[in-house]
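A short worksheet on the structure shown next.
2 protein chains.
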Amino acid sequence: MQTNPFPEVQALFFDVFSTVVDWRNGVAREAERILKPLGYSLDWLVFADAWRALYQPGMEEVRSGQRPFVKVDVINQRALDQIRPRFGLEKLDEVTLAELNLAWSRLDAWPDVGPGFARLRARLRLCPCSNGSIAIMAELGRRNDLRWHTVLGSEIAQDYKPKPRVYLASAEALNLKPSQYMMVAAHSLDLIAAAAQGLRTGHVGRPGEAGPGTGETEPMGRFDVVAKDFLDFAAKMGT
Amino acid sequence: MQTNPFPEVQALFFDVFSTVVDWRNGVAREAERILKPLGYSLDWLVFADAWRALYQPGMEEVRSGQRPFVKVDVINQRALDQIRPRFGLEKLDEVTLAELNLAWSRLDAWPDVGPGFARLRARLRLCPCSNGSIAIMAELGRRNDLRWHTVLGSEIAQDYKPKPRVYLASAEALNLKPSQYMMVAAHSLDLIAAAAQGLRTGHVGRPGEAGPGTGETEPMGRFDVVAKDFLDFAAKMGT
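Here you go:
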């Protein structure tokens, strides 16, 4: 007999990059698939890391009010333009650049996500509350059969986590109170920000999320649920 | 061998009320389920029709700029308050009113939707582009296993169809051009407005959608696909 430890929670909000999908190996694989036939030979993981390194600075321009909101697809495109010279990619045409930018929609979920989500979905609504765009989240859902309830997050809120508006706008979109949600992430700062808005919190560890030595092996704070993967998380949610 | 008559089309935008789900019998059933145990005895279909009759006027206040955008849940709530005296429902408490308003999320898809969507989904992205809210569309998807790619439509656009912004904002959200979408609806005016923004169009007839004698038996205009239900439509799309 399963008991439900959080009867008020109706829906789960997921961080997606790292928490649900493996962006690093996926972006490296897509870059190699697209660029190798054109004669390029890079360290694909280094390229993925360099691209990702400009993600937070790009969002910070929006969070700080320095630039108006643009979705992550645009931030990624600008970041790609910035790193191209460093990797000798100055001569790529527009079609190839657009194809490369789609790498962020072609990522694979970690192996525990499919069976974990199948159990969670039986009782809870599952929505991305990511800084990624609607287009990226919908495609990641399709590719990995995640069956999102709907895509929420930055594009609905027109701002980026950890700004409060992202959690609140996402909660309002489903007509539920923040206490009826649990934010689930591999990143403690995301959970701390969600908790400050009244959401429940679940930490799913992803040690090595961006290569050896990266990721949180332990949560940096006290959260409602702490799990080692989504099967463990599903069990702890009583599903 | 199936041929694909619209190779450019990547995604289908669906009108939902009437086109995908039977709002009239669903709202009548939910009203009866909630109100009959409280001792009320109404003509439940007349009640559903009266409620629905205030839907277009409520959206028109937003379209015309007379009132700021509010989502359909709010429009439905105001409409319910307006019709309550006519049905002797003045004394309902807040909990019952909120429960009644959820009737619009508890509607059943027409029987052809499940098998039709299964065929369409194999090749195309399926998104609601409805005047309904994110919450309603997500719940209708969950209830009927529609597996929406994501919810688009009025709430993303902050305006109501047939205003151009709703079709365009929905298209922009997936980073596709309007010509890569087909709007699918039982209502010719919706399709004419979508075509004016460059979308392809598909008419799926729902004669009797709101009772005997209602609904379009024939499309009122020339559309790319004309089908009698979603199985017919799936076949005509080459899926």
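Line by line, the protein sequences give chains A and B. Numbers 1 to 239, taken from this note's numbering, label the letters of the first sequence in order. Numbers 1001 to 1239, taken from this note's numbering, label the letters of the second sequence in order. Even for Gly, the Cβ is constructed at its ideal location relative to N, Cα and C. Keep in mind that this is a model prediction, so the values were computed, not measured.
#1: Residues of chain B with CB under 8 Å from residue 75/A, in chain order?
#2: Can you round the beta-carbon distance between residue 1108/B and residue 1144/B to whole angstroms, since I take them to be within the 8 Å contact cut?
#3: How many angstroms separate the CA atom of residue 1032/B from the CA atom of residue 1041/B?
#4: Assuming residue 200/A contacts residue 6/A (C-beta within less than 8 Å), just tell me the rounded distance between them.
#5: With three or more beta-carbon pairs closer than 8 Å as the criterion, would you say the segment 59 to 77 of chain A touches the segment 18 to 35 of chain A?
#6: Could you check the C-alpha separation between residue 185/A and residue 1083/B for me, to the nearest Å?
#7: Is the beta carbon of residue 1188/B closer than 8 Å to that of residue 1301/B?
#8: When you compare the CB of residue 1104/B with every CB in chain A, is at least one pair closer than 8 Å?
#9: State yes or no: is the C-beta of residue 1169/B within less than 8 Å of the C-beta of residue 1156/B?
#10: Flag residue 137/A as yes if its beta-carbon sits less than 8 Å from any beta-carbon of chain B, otherwise no.
#11: Excluding the 5 residues flanking residue 1176/B on each side, which residues of the same chain have their C-beta closer than 6 Å to its C-beta?
#12: Can you list, in chain order, the residues of the segment 1023 to 1036 of chain B whose Cβ is nearer than 8 Å to any Cβ on chain A?
#13: Bridge partners of residue 99/A, per DSSP?
#14: Looking only at C-alpha atoms, which of 58/A, 12/A, 4/A, 221/A sits nearest to residue 181/A?
#15: According to DSSP, is residue 301/A helix, strand or coil?
#16: Determine contact between the segment 226 to 238 of chain A and the segment 112 to 131 of chain A, defined as no fewer than three beta-carbon pairs at a distance below 8 Å.
#17: Using a 10 Å radius around the Cβ and a threshold of 16 neighbouring Cβ atoms, would you call residue 1016/B buried or exposed?
#18: Kindly say whether residue 151/A, judged by its beta-carbon, lies nearer than 8 Å to any beta-carbon of chain B.
#19: Would DSSP call residue 59/A helix, strand or coil?
#20: Answer yes or no: do residue 1241/B and residue 1081/B have a C-beta to C-beta separation smaller than 8 Å?
#21: Roughly how many angstroms lie between the CA atoms of residue 1087/B and residue 1212/B, to the nearest whole one?
#22: Is it right to say residue 183/A is buried, meaning 16 or more other beta carbons lie within 10 angstroms of its own, or is it exposed?
#23: Report the option in 110/A, 205/A, 77/A whose CA atom is closest to the CA atom of residue 99/A.
#24: Do residue 193/A and residue 161/A come within 8 Å of each other at the CB atom, strictly closer than that value?
#25: Is the separation between the beta-carbon of residue 203/A and that of residue 219/A shorter than 8 Å?
Inspection of the coordinates gives the following:
#1: Against chain B, the beta carbon of residue 75/A has no neighbour under 8 Å; the closest one sits roughly 13 Å away.
#2: In this structure residue 1108/B is in contact with residue 1144/B, their Cβ atoms being roughly 7 Å apart against a cut-off of 8 Å.
#3: Their Cα atoms are separated by approximately 8 Å.
#4: About 6 Å separates the beta carbon of residue 200/A from that of residue 6/A, a gap short enough to meet the 8 Å contact definition.
#5: Because the criterion of three Cβ pairs below 8 Å is not met, the segment 59 to 77 of chain A and the segment 18 to 35 of chain A do not touch.
#6: Straight across, the Cα-Cα distance linking residue 185/A with residue 1083/B is about 45 Å.
#7: Here chain B comprises residues numbered 1001 to 1239, so residue 1301/B is not present and cannot be evaluated.
#8: So, not an interface residue.
#9: Yes, these two residues count as a Cβ contact at 8 Å.
#10: Interface annotation, residue 137/A: in contact with chain B, CB-CB separation under 8 Å.
#11: In chain order, 1010 place their CB closer than 6 Å to the CB of residue 1176/B, counting only its own chain and leaving out the 5 sequence neighbours on each side.
#12: If the cut-off is 8 Å between Cβ atoms, the segment 1023 to 1036 of chain B has nothing near chain A.
#13: Bridge pairing for residue 99/A: absent [DSSP].
#14: Comparing alpha carbon positions, the residue from 58/A, 12/A, 4/A, 221/A closest to residue 181/A is 12/A.
#15: Because chain A here runs from 1 to 239, residue 301/A falls outside it and cannot be looked at.
#16: Contact between the segment 226 to 238 of chain A and the segment 112 to 131 of chain A is established, with three or more Cβ pairs separated by less than 8 Å.
#17: Its Cβ being crowded by 16 or more others within 10 Å, residue 1016/B is buried.
#18: Contacts with chain B at 8 Å (Cβ-Cβ) include residue 151/A.
#19: In the structure shown, residue 59/A falls within a helical segment according to DSSP collapsed to helix, strand and coil.
#20: For chain B, the structure presents residues 1001 to 1239; residue 1241/B sits outside this window and is missing.
#21: Note on geometry: alpha-carbon atoms of residue 1087/B and residue 1212/B lie some 23 Å from one another.
#22: The residue in question, residue 183/A, is buried, as its Cβ has 16 or more Cβ neighbours within 10 Å.
#23: Of the listed residues, the one whose Cα sits closest to residue 99/A is 77/A.
#24: Yes. Within cutoff.
#25: Their beta carbons are under 8 Å apart, which means residue 203/A touches residue 219/A by this criterion.
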